[in-house]
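For reference, the structure discussed in these notes is given below.
2 protein chains.
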Amino acid sequence: MTITTDATTPFVPPTAAEALERLGMPMIDAMRTQRAVRRLKPEPVAHDVLLPLLELSLKAPTSSNTQDWSYLVVEDPEQKARLGRLYWKLYRVFNPIVERMAKGNEQELRNMRPGQWQAEHFAEIPVFVIPCYRRNLKHKPVGRPQLSVSAFYGSVYPAVQNLLLGCRAVGLGASLQTLPIWWVPSVRKILDLPRDVRPVCIIPIGWAQGNYGPTVRRPIGEVVHLDHFGNQPFATT
Amino acid sequence: MTITTDATTPFVPPTAAEALERLGMPMIDAMRTQRAVRRLKPEPVAHDVLLPLLELSLKAPTSSNTQDWSYLVVEDPEQKARLGRLYWKLYRVFNPIVERMAKGNEQELRNMRPGQWQAEHFAEIPVFVIPCYRRNLKHKPVGRPQLSVSAFYGSVYPAVQNLLLGCRAVGLGASLQTLPIWWVPSVRKILDLPRDVRPVCIIPIGWAQGNYGPTVRRPIGEVVHLDHFGNQPFATT
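Here the protein sequences line up with chains L and C, keeping their order. Each residue of the first sequence is one higher than the one before, starting from 1 at the first, in the working numbering. Each residue of the second sequence is one higher than the one before, starting from 1 at the first, in the working numbering.
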């Protein structure tokens with residue numbers, strides 16, 4: 001989908017019915033054209049669109065069917081400003097490191113511009129979704145054993161992917177980010193999270209100003225190993 | 001989709017073209033009817049079906065676009081038998097605990113039967129996919145800080161969800177599991193994994209013997225908190 005940005009005509013979001021109709025798009029097309037869309041229009045995202053997308057996202061599986069999610073939906077300007085200030089502090093620390101690593105690589109530096117735009121306009125983004133999950137002995141956001149940690153994130157990220165695909169289908173821009181909530185204690189304080197409700201990532205959402213895919217990925221033959229690591233019969237080279 | 005299990009007529013899997021055609025199903029239908037399907041037919045899953053599904057799954061995002069996946073695809077009977085023995089040991093330890101916790105809850109005990117079937121028939125399942133990701137300073141499967149751990153799993157589980165949705169669309173049964181690979185050192189030994197390539201979960205795949213959804217989830221109003229934890233304007237009660 002190409003979204004034209006014509007500065008002379010104001011953007012009118014689709015009605016909820018129009019937007020949700022698009023969830024019937026062929027699944028393969030949604031997956032093939034999914035990509036991080038970081039440049040977002042400031043117009044609000046109606047609850048009549050957002051809530052059905054969140055609802056659909058929860059059709060994803062959870063470990064032992066625990067369904068221990070909390071979705072923090074942040075729209076309040078003051079709350080967004082607090083999150084924006086937190087992100088800006090982190091961005092100013094981490095971005096120079098990333099930029100230095102990309103030095104001389106024009107393509108990579110160009111790819112970083114939408115991220116820069118977002119860091120500077122964070123508080124103007126219409127809505128953030130911060131998926132959280134309940135921590136307990138079987139589901140741990142940090143530490144060990146590995147599989148209790150895997151079970152924790154495996155109960156959240158499948159739903160996150162549903163949400164990202166849902167956004168793509170209806171024409172909303174979205175992306176999966178962890179850096180803005182890197183400093184968990186501050187996030188907990190801003191959102192009044194109980195100690196056992198852990199934020200996992202943050203998804204800025206708004207009507208897309210940028211474009212969707214297609215995207216480029218590593219050839220499948222390089223990724224697949226048959227029966228033993230190193231046995232790659234589908235690799236072409 | 002209802003799959004009839006008629007013992008008198010042998011099961012003939014769809015051709016690859018027929019199966020892949022189904023990836024065009026409306027996205028919302030795939031999501032709404034996704035569920036863990038654990039009873040699987042023993043007939044093999046053709047590479048012409050599996051590889052395009054794996055390829056499509058990789059359209060999901062990864063942290064900083066690292067794309068550091070390795071997919072271990074296990075079909076060899078001896079390798080499957082090794083994984084099956086490992087799982088059986090873990091299942092015999094963990095299942096009595098789970099059963100004791102479910103005691104008296106008939107529904108929950110009934111829900112556990114497909115899992116029991118699978119533990120007993122693990123080595124007969126046609127194919128396993130074990131998604132792995134490369135561990136480094138920014139992407140950690142265990143330990144701290146939380147967001148490096150989140151970035152690790154956030155680079156794998158979105159692709160896993162694409163794979164589960166893809167399986168659902170073409171008519172393959174699949175489920176997301178962590179218990180069978182709980183003991184990571186044994187898994188690494190069986191699969192010859194390098195130390196920095198970490199298994200995340202295991203997805204047993206075969207033509208579906210069981211049924212797909214719909215599934216029941218918590219009401220969205222209970223899951224969503226607006227701006228602050230505890231503020232639940234969409235809850236109905």
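Think of the CB as a built atom: it goes at the ideal place given N, C-alpha and C, for glycine as much as any other residue. These figures come from a predicted structure and were not determined experimentally.
Please confirm whether C/Lys-59 has its beta-carbon closer than 8 Å to some beta-carbon of chain L. yes
Is it a yes or a no for the region 216 to 223 of chain L touching the region 58 to 66 of chain C, going by three-plus beta-carbon pairs under 8 Å? yes
Just how far apart, CA to CA, sit C/Ile-28 and C/Leu-137? For C/Ile-28 and C/Leu-137, the distance between alpha carbons rounds to 37 Å.
In chain order, what residues of the same chain have a beta carbon less than 6 Å from the beta carbon of L/Met-1, not counting five sequence neighbours either side? Because the pLDDT of L/Met-1 is 49, which lies under 50, any placement of that residue in the model is unreliable, and the number read from its coordinates should be weighed accordingly. Answer for L/Met-1: Tyr-212, listed in chain order.
For a test of the three-state rule: what should DSSP assign to C/Tyr-212, helix, strand or coil? DSSP places C/Tyr-212 in the coil class of the three-state scheme, outside both helix and strand.
DSSP on C/Trp-297, reduced to helix/strand/coil? This structure cannot settle anything about residue 297 of chain C, because the visible part of chain C is limited to 1 through 237.
Kindly indicate which three-state DSSP category L/Arg-38 falls into: helix, strand or coil? In this structure, L/Arg-38 counts as coil in the three-state DSSP scheme.
State the CB to CB distance for the pair L/Pro-13 and C/Gln-161, rounded to an integer number of angstroms; the pair is presumed to be in contact (CB under 8 Å). Actually they are not in contact, since the Cβ atoms of L/Pro-13 and C/Gln-161 sit about 27 Å apart, beyond 8 Å.
Contact belief for C/Val-127 with C/Ile-205 at Cβ below 8 Å, rounded distance in angstroms: 5 Å
Just the Cα atoms here: how many angstroms apart are C/Leu-164 and L/Ala-81? 37 Å
Anyone know if the C-beta pair for C/Phe-229 and L/Leu-191 falls short of 8 Å? yes
With a threshold of 8 Å between beta-carbons, can C/Val-112 be considered close to chain L, or not? A small correction: the amino acid at residue 112 of chain C is Met; Val does not occupy that position in the sequence shown. By this cut-off, C/Met-112 is not an interface position.
Span separating the alpha-carbon of C/Ile-130 from that of C/Pro-199: 6 Å
Using the rule of at least 16 other Cβ atoms within 10 Å of the residue's Cβ for burial, across every protein chain shown, is C/Asp-68 buried or exposed? The residue in question, C/Asp-68, is buried, as its Cβ has 16 or more Cβ neighbours within 10 Å.
Within this structure, are the beta carbons of C/Ser-70 and C/Ser-155 separated by less than 8 Å? No, Cβ-Cβ distance for C/Ser-70 and C/Ser-155 is not below 8 Å.
Any beta strand (DSSP E) of 3 or more consecutive residues that is wholly inside the region 100 to 167 of chain L: 127 to 134
Please state whether DSSP places L/Leu-58 in a helix, a strand or coil. coil
Positions along the region 34 to 52 of chain C whose CB lies within less than 7 Å of some CB in chain L: Gln-34, Ala-36, Leu-51
Counting only beta-carbon atoms, is L/Phe-234 nearer than 8 Å to chain C? yes
For L/Leu-56, return the contacting residues in chain C, with the cut-off set at a CB-CB distance below 8 Å. Ile-28, Met-31, Arg-32
Shorter than 8 Å from the beta carbon of L/Asp-196 to some beta carbon of chain C? no
Check each candidate in C/Ala-169, C/Gly-173, C/His-139 and name the one with the smallest Cα separation from L/Thr-294. This structure gives no information on residue 294 of chain L, because the portion of chain L shown stretches from 1 to 237.
L/Gln-107 to L/Leu-51, Cα distance in whole Å? C-alpha separation (whole angstroms): 37 Å.
Identify, in the order they occur along the chain, each residue of the same chain with its Cβ nearer than 6 Å to the Cβ of C/Asp-48, setting aside the five sequence neighbours on each side. A distance below 6 Å between beta-carbons, with the five flanking residues on each side excluded, links C/Asp-48 to the following residues of its chain, in chain order: Ala-16.
Under 6 Å Cβ to Cβ from L/Glu-222, same chain only, skipping five residues before and after it: list those, please. Ala-235
Between the Cα of L/Gly-171 and those of L/Ala-19, L/Phe-11, L/Cys-201, spot the shortest distance and give me the residue it belongs to. L/Ala-19
Bridge-paired residues (DSSP) for C/Leu-86: In the DSSP output, where bridge partners are listed per residue, C/Leu-86 has none listed.
For L/Thr-9, count neighbouring Cβ atoms within 10 angstroms of its own Cβ and tell me buried if that reaches 16, exposed if not. exposed
Should the region 87 to 105 of chain L be called in touch with the region 113 to 128 of chain L, which here means at least 3 C-beta pairs below 8 Å? Touching, yes, given that three or more Cβ pairs across the two stretches are closer than 8 Å.
Quick one: list the residues of chain C neighbouring L/Ile-203, beta-carbon separation under 9 Å, in chain order. By Cβ distance, chain C contributes nothing, its closest Cβ being about 11 Å from L/Ile-203, past 9 Å.
Does C/Thr-15 have its Cβ less than 8 Å from a Cβ in chain L? no
Members of the region 217 to 230 of chain C near chain L, C-beta cut-off 7 Å: Result list: Arg-217, Arg-218, Ile-220, Val-223, Val-224, His-225, Leu-226, Asp-227, His-228, Phe-229, Gly-230.
At a Cβ cut of 7 Å, what residues of the region 70 to 93 of chain L count as close to chain C, listed as they run along the chain? The region 70 to 93 of chain L vs chain C, Cβ under 7 Å: Ser-70, Tyr-71, Leu-72, Val-73, Val-74, Glu-75, Asp-76, Gln-79.
Can you list, in chain order, the residues of its chain with a C-beta nearer than 6 Å to that of C/Glu-21? Leave out the 5 residues immediately preceding and following it. none
Using the beta-carbon of each residue, which ones in chain L are nearer than 8 Å to C/Ala-119? Within 8 Å Cβ-Cβ: nothing; C/Ala-119 doesn't reach chain L, min ~15 Å.
Would you decide whether C/Asp-227 is buried or exposed? Buried here means 16 or more other CB atoms lie within 10 Å of its CB. The residue is buried, with at least 16 neighbouring Cβ atoms inside 10 Å.
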